[in-house]
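First the structure, in the form of structure tokens, and then the observations on it.
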Amino acid sequence: MKILFIILFATYTLAASAQTRDYMGWVDQSAHYIEENKLDSAAFALKRAMSLDPANEHNPVLLLNLGIMQRQLGLFDDAYISFTAALANNPMPEV
């Protein structure tokens, strides 16, 4: 019974901490996942960050990084969409 309580408490604590992360918390979590070579989890974290603050000025950079991860995961169509969205939100400056 004590072990079950500990498991339930740990699960609740982890779930609560995941729900209270802010934009930068998810970006930092993504970097942590990248260091562990967990690209699918890193991609999820970036998507979560962008969903919390869709107008953030750093989202084009996150979209670019997301596209790179998706390409490495073999998700070429998703990578194309991410790259296109990154360019649409941050067009190339005129020279």
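With the working numbering applied, the sequence shown has no gaps in its numbers, which climb one by one up to 96 at the end. We put the CB at the ideal spot given by N, CA and C, even for glycine. Treat the numbers as computed from the prediction; the structure is a model and nothing was measured.
Following the DSSP letters along the chain, one finds Leu67 inside the alpha helix (DSSP H) bounded by residues 60 to 73. Between Ala50 and Val96, the alpha-carbon positions lie close to 32 Å from each other.
When Tyr24, Asp79, Leu67, Ala89 are compared, the shortest CA-CA separation from Ser42 is found for Leu67. Following the DSSP letters along the chain, one finds Asp41 inside the alpha helix (DSSP H) bounded by residues 40 to 53.
Spanning the alpha carbons of Tyr81 and Tyr24 requires a straight line of approximately 24 Å. Contact between Pro61 and Asn91 holds, with the beta-carbon distance rounding to 4 Å and staying under 8 Å.
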